[in-house]
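Residue numbers (our numbering), protein chains in the order written: chain F, 4 to 650; chain Z, 3 to 216.
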């Protein structure tokens, strides 16, 4: 017995040891007790803000409410959407035309709301397509894509679509440098042959129509992000770049060697003068400009053939490089327009440049050599301060309008709040997990609505019920109205919520359209009443001019269609009532369905391959007799003598 | 810790145990001590746990007498992959000679321990104990050297370079390495070895105590 006691007590000693070694606590921040109350939007009530979140690789833009985190709409931008027919219908296919042909997808990163005097005006929101360089403009009265313009001489349109103070220009820069014009050269000839461009796309103040006004040819680097100046710095735009090593392979190592890379500061007012003075060269370049006409409900694709290019060599004083530590990512201009904040993603500090000092340094020629013919300003002559201990992997900064800046730190997965002027960190809060962009409503404008900050996270891990290897994407809402940031809400998003912008709801909701007036419908194939409904044959093309209204199609019995015909279903929704869309599909439709808004016309093409009877029906539950909203089309063999008829 | 340990030993041995029975006890304690050394093969001897905001589920390395594995499947690859950002060498267990030698050491000590237990000679046992403690101390030192090498000999071309920053994991305890909180603690294997040492030490102690009495 005693022996057992001895062994047991020795064992006990070991156990105590195990416990002593393994007890080291870890802190967890507590969330606000009344978080639920502060994010609760009573049934039937409205959210305070609209938030527009990019879908990243889904190529779309989705609309949410804040503070509830409820999702309202997924706007089709760069990707086809079989739910509505976007990119499938004859009217919208043209929106996705590029010089590379029809491209059904893109990688959409940065939604940016239009501005007047540096403040949100609620007219449009712009978003970039990274892969096949494009910029889209979305109309905020219809929440539909109104225009897509391709950017020539570009690859990886990441530093885009940031706007000048009055939406004079959308700026864009090339993430990937390329031979310009593109040509077949050895990749290793990067330093010799590859160039970047920064583009200025003008926006018509009334119609919003975009045009590539001019491009500036810049040394071959990776241009990353951008922001235009405001207030005193209006007239300038800032572009971060990395890979000043000019590596063309294994960039994660080879582009991370230099202590400093560059922010390109571009005096675009000066560039405009050079263009006016005829200094720009007209270069041939093929690209598309696709404009959606709200009255014809159709896209018009225009092929453009040339673009104006400015070479800094011939344009002194137009562009400077500001040295900035370690592969800067975001470049953000504070509401006053004086401070330019760089997110040096591999840097241990956040450098903040001063616009005033920059102008002085240019005047006094405080240069530190040049790079590719562009003068490099002296870092010390431009920097206003450095934020110490800003978290690991600082990426992006937004502002609350009360003198504070909020920076996302990817690696340490936190938001860091610091004071403009003293550069002191005053608060920090974890995000779950790996925050990329962050967003304060109006946080990039001259008038931020500094009540919330939204974290746009890259990793979700254990925050939600798991759904297999692919789990939800996520954003988080924090209250920043007090001294301390407080986490209020996690909410799932679709696609990667890469960047977002938010705007007070009352700025938009009053402009939101309810229907498209049928009398303004100028679609060539529209029917303005049931009396116009008909079917016409033109060779092997059959055009069905079909109307939809509760709860029937006109016509709903069609005969005389033959195998080998190309059938165009031109569906017009005759309703003029809010929230009564009709859907349309036919059995075996090897294309998408259509979702047609009141007063709208959409066309889908169907090529039947076998004789027989094919039902068609309304897919959007429209009325009590929705299930009765149906019809039949009879398809006969190719040589059949069945006459074309309809009721 | 040491106080707890000593008091436990003293409480138990203060009680009177008859001579012959004591001899038997000391013999069996030694044999058990030697046999349970085999248990060191069943569990890791050292654990390195990494915690980072992005890894709420944890991430870690398990060092066994004959291998290095992840805390979970795939962790080793993941850690090797993450470490390339700071320029740390990758860990290839198959190229670490210590992992080939350690199993033999355990087996030799176990066999010797059983033999010495059967002989039940106090000086042999004491020799065994001292040798094992020396070998273990060297092992710990060797482990420190590996950690030093991994933490300091960094690829100068690493994407993330922070002046003055090294990434040596702590020998024992926790240390913040950038966004990773590294915790290094003995594994169950080491506790088994410790238990074995305690049993052997008790056995030897009883022998010496008995001699003193006689």
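By construction, the Cβ of each residue, glycine as well, lies at the ideal position given by its N, Cα and C atoms.
Here the C-alpha atom of residue 388/F lies approximately 11 Å from the C-alpha atom of residue 345/F. When the beta-carbon positions are compared, residue 42/Z and residue 199/Z stay at least 7 Å from each other. The CB of residue 436/F comes closer than 9 Å to the CB of 54, 55, 56, 57, 58 in chain Z, given here in chain order. Contact note: residue 464/F reaches chain Z through 56, 57, 58, 59, using a C-beta cutoff of 9 Å and chain order. Within the DSSP secondary-structure output, residue 170/Z pairs in no beta bridge.
The beta strand (DSSP E) runs of length 3 or more contained entirely in the segment 445-510 of chain F are, from start to end of the chain, 455-460, 476-482, 489-496, 503-507. Taking the C-beta atoms as reference points, residue 57/F is found no nearer than 7 Å to residue 548/F. Residue 151/F has 139/F, 293/F as its beta-bridge partners, per DSSP. For residue 161/Z, the chain F residues whose C-beta falls within less than 7 Å of its own C-beta are 255, 256, 259, 349, listed in chain order. When secondary structure is reduced to three states using DSSP, residue 107/Z falls in the helix class. Fewer than three Cβ pairs drawn from the segment 468-475 of chain F and the segment 500-516 of chain F lie within less than 8 Å of each other, which leaves the two stretches out of contact. Beta-bridge partners of residue 541/F (DSSP): 544/F. For residue 164/Z, the C-beta contacts it makes with chain F under 8 Å involve 351, in order along the chain. Between the segment 247-263 of chain F and the segment 276-287 of chain F there are fewer than three inter-stretch CB-CB distances shorter than 8 Å, so the stretches are not counted as touching. Fully contained in the segment 264-312 of chain F are the following beta strand (DSSP E) runs of length 3 or more, in chain order: 284-296. Listed along chain F are 395, 414, each with a C-beta nearer than 7 Å to that of residue 180/Z. Look at residue 444/F: its C-beta is not under 7 Å from any C-beta on chain Z. Judged by beta-carbon spacing, residue 50/F lies within the 7 Å limit of residue 71/F, meaning their Cβ atoms are closer than that value. In this chain, the beta strand (DSSP E) harbouring residue 115/F covers 115-119. Any Cβ of chain Z closer than 7 Å to the Cβ of residue 326/F would place that residue at the interface, and such an atom is absent. Taking C-beta separations shorter than 6 Å and ignoring five residues to either side along the sequence, the partners of residue 236/F in its chain run 340, 358, following chain order. Contacts with chain Z at 7 Å (Cβ-Cβ) include residue 433/F.
When C-alpha distances from residue 56/Z are compared across 167/Z, 46/Z, 183/Z, 211/Z, the shortest belongs to 183/Z. Beta-bridge annotation (DSSP): residue 551/F is paired with 556/F, 576/F. Shown here, residue 360/F sits in a helix according to DSSP, grouped into three states. Residue state for residue 529/F is assigned as coil, using DSSP reduced to three classes. By a beta-carbon distance limit of 8 Å, residue 347/F does not contact residue 228/F. Their separation comes to about 12 Å.
Taking the CA atoms as reference points, residue 620/F sits about 6 Å from residue 634/F.
The beta-carbon separation of residue 154/F and residue 161/Z, rounded to 29 Å, does not stay under the 8 Å limit for a contact. For residue 72/Z, the uninterrupted beta strand (DSSP E) run begins and ends at 70-72, by DSSP. When DSSP states are grouped into helix, strand and coil, residue 512/F belongs to the helix group. It is roughly 26 Å from the alpha-carbon of residue 400/F to the alpha-carbon of residue 53/Z. Check the Cα spacing between residue 551/F and each of 441/F, 293/F, 603/F: the tightest is with 603/F. Scanning the segment 44-83 of chain Z from its first residue to its last, the whole beta strand (DSSP E) runs of 3-plus residues come out as 48-53, 61-65, 70-72.
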